[in-house]
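A.B. asks:
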Amino acid sequence: MDRTERFYRIELLIKSRGGVSFETLQAELEVSRATLKRDLQYLRDRMDAPIVYDRFDNAYRFEAQGEGASPAATAHELPGVWFNEAEIHALLTMHQLIAGLDAGGVLGRHLQPLLDKLHGMLGTSEGESRELLRRVRVISPARRPVPSKWFELVGSALLKRERLEMLYFTRARRSESQREVSPQRLTYYRNTWYLDAWCHRSEGLRRFALDAVRSVRVLPARAKDVALKTVQAELDGGYGIFSGKALQTATLRFSAEAAQWVAAEEWHPQQSLRWLEDGQLEMKLPFTDPTELAMDLLRHGPQVQVLAPAALVKLVAQQARDTAALYV
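The sequence shown begins at 22 in my numbering and counts up one residue at a time.
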């Protein structure tokens, strides 16, 4: 629980109970005595919260404002609090994901209370929340929506550990196939939902794009459990969404101009960067399937050169030639 959340929690506890002891606040917030003392002092001095200590009841309460007013009736609202980058991105992304679901679908109705709660977290009033949503945008280009009925069935089977029978469209082969799978994990990557599952037809872990699912049926059989560490090891090792066990290392060299941006980017958790004497940047990162990596490299055009492995060099060079041929 971060400090901003603690501030709202302290106010909520005092408002709802009228008075709360120091020990109760400390237990509810799960913080040290020193941290709680700093939070109370900050609320008084910087947020103008009329929090007082009642020695008779050994409790913190709001000081009564006005003649005849009770402490519990004191009105006080925390002012709008700005969020750090991670917090605001998480809140707005969650808001966008939930709001983007089919409003008439079952899942949308289930998540409406969470959406209402997010509105409350984004501002102390409905007007403030709307103003923040109007002033700050999270853009999701090339989003591929998933029908809410499929999403709900997959999510339910994931939690209940049930198997699924899916009619799945493989875009590369332009064909449909029937799959029996044991769901292991849902992944949201680049504005697209994926299901990481054990495929009983191929007897291995596979990743399925949920927008390519044509139909889903829950089966009565118990799902095969695969340790999440195994799922992570097999599906998360290489660059991008494509999976595989055979890890290779790509060596890339970015121009001095592109390096100013690329140096601040994380392409992969295990990447390594090395500045060269001429201002260029060398990046090394693991990958399994070159498809997505090649697409991202071509986006940088002549600002990046693939040095290794030879197969990746050949692939990117051929795709660059094919692209150039369209404009001859």
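Where is the CB? At the ideal position from N, CA and C, for every residue including glycine.
1. Give the single residue among R192, H321 and R238 whose Cα lies nearest to the Cα of P204.
2. Per DSSP, E197 is paired with what?
3. Round the Cβ separation of E44 and A70 to the nearest angstrom and send it over; I've been treating them as touching at under 8 Å.
4. For a test of the three-state rule: what should DSSP assign to I262, helix, strand or coil?
5. Could you compute how far the alpha carbon of G39 sits from the alpha carbon of F83?
6. Mind checking which residues open and close the beta strand (DSSP E) that includes L216?
7. Report all residues from its chain with a CB closer than 7 Å to the CB of G300; omit the five preceding and five following residues, and keep chain order.
8. Output needed for A284: all residues of its chain with C-beta closer than 7 Å, excluding positions within five of it in sequence on either side, in chain order.
9. Is A94 helix, strand or coil when you go by DSSP?
10. Pull the bridge partners of A271 from the DSSP assignment, please.
11. Any beta-carbon of chain C closer than 7 Å to the one on K170?
12. From F263, V41, D232 and L297, pick the residue whose C-alpha is nearest to that of F77; which is it?
13. In three-state terms, what does DSSP make of F28?
14. Can you tell which of K245, R211, Y81 and E197 has its C-alpha closest to the C-alpha of K181?
15. Anyone know if the C-beta pair for L231 and L249 falls short of 7 Å?
16. In the structure shown, what three-state DSSP assignment does A244 receive?
17. Please state whether the Cβ-Cβ distance between Y189 and R206 is less than 7 Å.
18. Taking 7 Å as the limit between beta carbons, can you name the residues of its chain near S198, skipping five residues before and five after?
19. Leaving out five residues before and five after Y81 in sequence, what residues of the same chain have Cβ atoms less than 8 Å from its Cβ?
20. In three-state DSSP terms, what is G300?
21. Does E183 come out as helix, strand or coil in the three-state DSSP assignment?
22. Return helix, strand or coil for G225, following the three-state DSSP convention.
23. Count the other CB atoms within 10 Å of the CB of V349; is the residue buried (16 or more) or exposed (fewer)?
24. In terms of residues, what are the limits of the beta strand (DSSP E) holding Q326?
25. Quick one: is M187 buried, meaning 16 or more other Cβ sit within 10 Å of its Cβ, or exposed?
26. Figure out for me which residue from P311, S53, D317 and N79 has the closest Cα to the Cα of L333.
27. Just to confirm, are A218 and V202 a CB contact at a threshold of 7 Å?
28. With DSSP run on the structure shown, which of helix, strand or coil describes R76?
29. In terms of residue numbering, what span does the alpha helix (DSSP H) encompassing R54 cover?
30. Quick one: what's got a C-beta closer than 6 Å to A330's C-beta in the same chain, skipping five residues either side?
C.D. replies: Result, derived from the coordinates:
1. If you number the sequence shown from 1, residue 204 lands on position 183. Answer by Cα proximity: R238.
2. The sequence position of residue 197 within the sequence shown is 176, counting from 1. Note: E197 sits in a beta bridge opposite F190.
3. Mapped onto the sequence shown, residue 44 falls at position 23. Mapped onto the sequence shown, residue 70 falls at position 49. Between the beta-carbon of E44 and that of A70 there is about 20 Å, and that puts the pair past the 8 Å contact cut.
4. What you label residue 262 is simply residue 241 of the sequence shown in a count that begins at 1. Coil, per DSSP.
5. In the sequence shown, the residue the question calls residue 39 occupies position 18. In the sequence shown, the residue the question calls residue 83 occupies position 62. Note on geometry: alpha-carbon atoms of G39 and F83 lie some 8 Å from one another.
6. On the sequence shown, residue 216 is found 195 positions in, with the first residue counted as 1. Run containing L216: T213 to C220, per the beta strand (DSSP E) assignment.
7. Locating residue 300 in the sequence shown gives position 279, counting from the first residue. Contacts found: A277 and A280.
8. On the sequence shown, position 263 is the one that residue 284 refers to. The beta carbon of A284 is closer than 7 Å to those of L294 and L302 in its chain, skipping five residues each way along the sequence.
9. For the purposes of this step, residue 94 is taken as the residue at position 73 of the sequence shown. Caution is warranted here: a pLDDT of 46 is assigned to A94, below 50, making its placement in the model unreliable, and the coordinate value is therefore given only provisionally. Reduced to three states, the DSSP call for A94 is helix.
10. Mapped onto the sequence shown, residue 271 falls at position 250. L306, per the DSSP bridge assignment.
11. The displayed structure is made up of one protein chain only, and chain C is not part of it.
12. Walking along the sequence shown from the start, residue 77 turns up at place 56. Of F263, V41, D232 and L297, the smallest CA-CA separation from F77 is found for V41.
13. If you number the sequence shown from 1, residue 28 lands on position 7. F28 falls in the helix class under three-state DSSP.
14. If you number the sequence shown from 1, residue 181 lands on position 160. Here the closest residue by C-alpha is K245.
15. Looking up residue 231 in the sequence shown gives position 210. Looking up residue 249 in the sequence shown gives position 228. Not closer than 7 Å, so no.
16. Here residue 244 is taken as the residue at index 223 of the sequence shown, counted from 1. In the displayed model, A244 falls within coil according to three-state DSSP, outside both helix and strand.
17. Translated into the one-based positions of the sequence shown, residue 189 becomes position 168. Translated into the one-based positions of the sequence shown, residue 206 becomes position 185. Taking a C-beta distance under 7 Å as the contact criterion, Y189 and R206 do not qualify as a contact pair.
18. On the sequence shown, position 177 is the one that residue 198 refers to. Result list for S198: Y189 and T191, in chain order.
19. Residue mapping note: residue 81 aligns to position 60 of the sequence shown, counting from 1. Excluding positions up to five away in sequence, the list reads I35, G40, V41, S42, F43, L46, L61, I72, V73, Y74 and D75.
20. Counting from 1 along the sequence shown, the entry for residue 300 is found at position 279. In the structure shown, G300 sits in coil (DSSP, three-state: anything other than H, G, I, E or B).
21. By 1-based counting over the sequence shown, the position of residue 183 is 162. For E183, the secondary structure class from DSSP, reduced to helix, strand or coil, is strand.
22. For the purposes of this step, residue 225 is identified with residue 204 of the sequence shown, where counting begins at 1. The answer is strand: DSSP assigns G225 an E or B state.
23. Position 328 of the sequence shown, counting from 1, holds the residue named residue 349. Exposed, by the Cβ-count rule.
24. In the sequence shown, residue 326 corresponds to position 305, counting from 1. In the DSSP assignment, Q326 falls within the beta strand (DSSP E) that extends over V325 to A329.
25. As a working mapping, residue 187 is identified with position 166 in the sequence shown. Only buried fits M187, as 16 or more other CB atoms lie within 10 angstroms of its CB.
26. Position 312 of the sequence shown, counted from the first residue, corresponds to residue 333. Taking only the C-alpha atoms, the option nearest L333 is P311.
27. Sequence index remark: in the sequence shown, residue 218 carries index 197 (1-based). Sequence index remark: in the sequence shown, residue 202 carries index 181 (1-based). Taking 7 Å as the cut-off, the beta carbon of A218 is found closer than this to the beta carbon of V202.
28. Walking along the sequence shown from the start, residue 76 turns up at place 55. In the three-state DSSP reduction, R76 falls in the coil class, being neither helix nor strand.
29. Numbered from its first residue, the sequence shown carries residue 54 at position 33. Here the alpha helix (DSSP H) through R54 covers R54 to D66.
30. Locating residue 330 in the sequence shown gives position 309, counting from the first residue. Sequence check: residue 330 is Pro here, not Ala. For P330, where only same-chain residues beyond five positions count, the Cβ hits under 6 Å are Q269.
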